[in-house]
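Asks: Here you go, one structure.
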Amino acid sequence: MGLKETFVLPVAKRWIAGADVDSAVADAKKANSKGMGAVVNFLGEEIKDAATADAHTEEYLRLQQRLADEGVRGFVSLKLTQLGLGADDAGAASRLERIAENSERVGQPLWIDMESSQFTEKTIALYLSSLQSHKDLGVVVQAYMKRSEADLKVLLDSGARVRLVKGAYRESPDVVYRSREEISANFARLMGVLFERGKGFAIATHDSKLVEGAKTLAGPRRGDFEFEMLKGIRDELKGELVKSGFAMSEYLPYGDRWFAYSKRRIMEHPSNVLLLLRSLV
Ligand SMILES: Cc1cc2nc3c(=O)[nH]c(=O)nc-3n(C[C@H](O)[C@H](O)[C@H](O)COP(=O)(O)OP(=O)(O)OC[C@H]3O[C@@H](n4cnc5c(N)ncnc54)[C@H](O)[C@@H]3O)c2cc1C
């Protein structure tokens with residue numbers, strides 16, 4: 121075991137399930153026992169070679185089977201560049217087709233994460249073409265992207281299922297809103313559209329104000345949506361929402377690329393750096 125595994129992995133397990141599929145299934149079961157669904161992601165992105173993209177595909181097929189065999193209430197969420205999008209678009213499309221077919225076979229929905237802006241157009245295009253033959257397929261829309269309002273309209277016109285997030289990548293001000301206020305305002309606007317027209321959508325934020333906004337829009341009928349939050353963030357809020365009867369799923373990343381993902385979570389919140397340092401002394 122290396123230094124990273126010895127010192128950082130125990131802290132990183134706050135945000136990731138672990139390095140292997142067993143840890144992902146175990147965490148998914150834990151989420152289920154707390155009244156939450158599980159959204160499971162095998163970490164990795166921007167895969168350029170066919171052998172690795174094939175290996176990621178096999179991993180997802182195995183993961184879907186394990187979730188089904190073990191009776192887990194959960195499903196896969198993947199990144200298209202894991203399947204080779206950007207390097208070999210046709211290859212990525214055929215790998216997605218295999219995973220989407222398998223998700224139907226095991227009776228699970230399948231979701232596609234949204235990556236940096238260079239992949240937005242291709243992700244939406246591949247999503248929309250797959251949606252024609254796989255109805256239980258969802259895609260992420262990022263509120264920080266200026267194009268998202270128009271994208272959301274096109275997606276909903278096609279019957280898409282959408283997960284709304286703020287957006288996590290470093291982007292140019294030409295394509296994204298940069299201030300917290302603008303991003304939150306656009307999130308609220310897009311959320312309004314989803315509550316009006318969306319079906320089976322997800323509101324994925326840890327922002328209390330936006331969560332309150334969603335609760336108000338949902339009203340007493342609650343509606344056809346769920347909250348989704350990342351593992352290790354706002355656990356008390358997750359519990360409160362479950363207790364109040366809202367559907368909630370926890371996003372559980374796993375895999376040997378856990379270090380890069382954990383670094384992102386640590387850096388976006390100063391208190392997490394302290395948490396890491398404290399574990400080292
Ligand atoms: C289920 C799910 C799926 C996602 N999928 C994608 C995707 O496909 N593409 C994409 O670009 N992004 C994705 N994201 C990430 C998203 O874009 C944001 O980067 C992330 O959710 C933080 O934004 P926020 O809405 O929680 O608001 P923020 O303003 O970042 O956070 C709100 C509050 O949450 C708490 N919080 C947030 N982050 C942390 C942290 N690391 N540690 C401790 N507390 C924290 C703090 O209290 C903070 O004030 C996803 C997020 C979720 C929950």
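Taking the numbering used here, I'd label the letters of the sequence shown as residues 121 to 401.
Beta carbons: idealized from backbone N, C-alpha and C, even for Gly.
Remember, it's a predicted structure, so these values are computed and weren't measured experimentally.
1) Can you list, in chain order, the stretches of the beta strand (DSSP E) that have 3 or more residues and sit fully within the stretch 260-303?
2) Where do the ends of the beta strand (DSSP E) carrying alanine 158 lie?
3) Which ranges does the alpha helix (DSSP H) cover as unbroken runs of at least 4 residues, wholly within the stretch 168-196, from first to last along the chain?
4) Below 7 angstroms, is the gap between the Cβ of valine 141 and the nearest heavy atom of ligand 1?
5) Please indicate yes or no: does the CB of aspartate 355 lie closer than 7 angstroms to some heavy atom of ligand 1?
6) What are the start and end residues of the alpha helix (DSSP H) that includes isoleucine 219?
7) My parser needs the alpha helix (DSSP H) runs of 4 or more residues fully inside the stretch 322-384; what are they?
8) On the DSSP letters alone, give me the boundaries of the alpha helix (DSSP H) that isoleucine 232 sits inside.
9) If we ignore side chains and look at the alpha-carbon of each, how far apart do lysine 255 and alanine 280 end up?
10) What's the gap between the Cα of valine 145 and the Cα of alanine 213?
11) Under 8 angstroms, with one C-beta from each stretch per pair, do the stretch 310-328 and the stretch 282-298 reach the 3-pair mark?
12) Let me make sure I understand the geometry here. Which of Thr201, Ser250, Val260, Val192 has the alpha-carbon closest to that of glutamine 228?
13) Aspartate 140 lies in the alpha helix (DSSP H); which residues open and close that run?
14) Is it buried or exposed, arginine 342, if we count other Cβ atoms within 10 angstroms and call 16 or more buried?
15) Here's a check: name, in chain order, each residue in its chain whose Cβ is nearer than 8 angstroms to the Cβ of phenylalanine 345, leaving out the five neighbours to either side.
16) Can you tell me whether methionine 265 sits near ligand 1, meaning its C-beta is under 7 angstroms from at least one heavy atom of the ligand?
Replies: Working from what's here:
1) 281-285
2) 157-162
3) 170-189
4) no
5) no
6) 209-226
7) 328-338, 355-363
8) Note, isoleucine 232: premise wrong, no alpha helix (DSSP H); beta strand (DSSP E) at 230-232.
9) 8 angstroms
10) 26 angstroms
11) yes
12) Val192
13) Where aspartate 140 is concerned, there is no enclosing alpha helix (DSSP H), given that its DSSP letter is neither H nor E.
14) exposed
15) Leu314, Phe315, Gly318, Gly320, Phe321, Ala322, Ile323, Ala334, Ala338, Ala367
16) no
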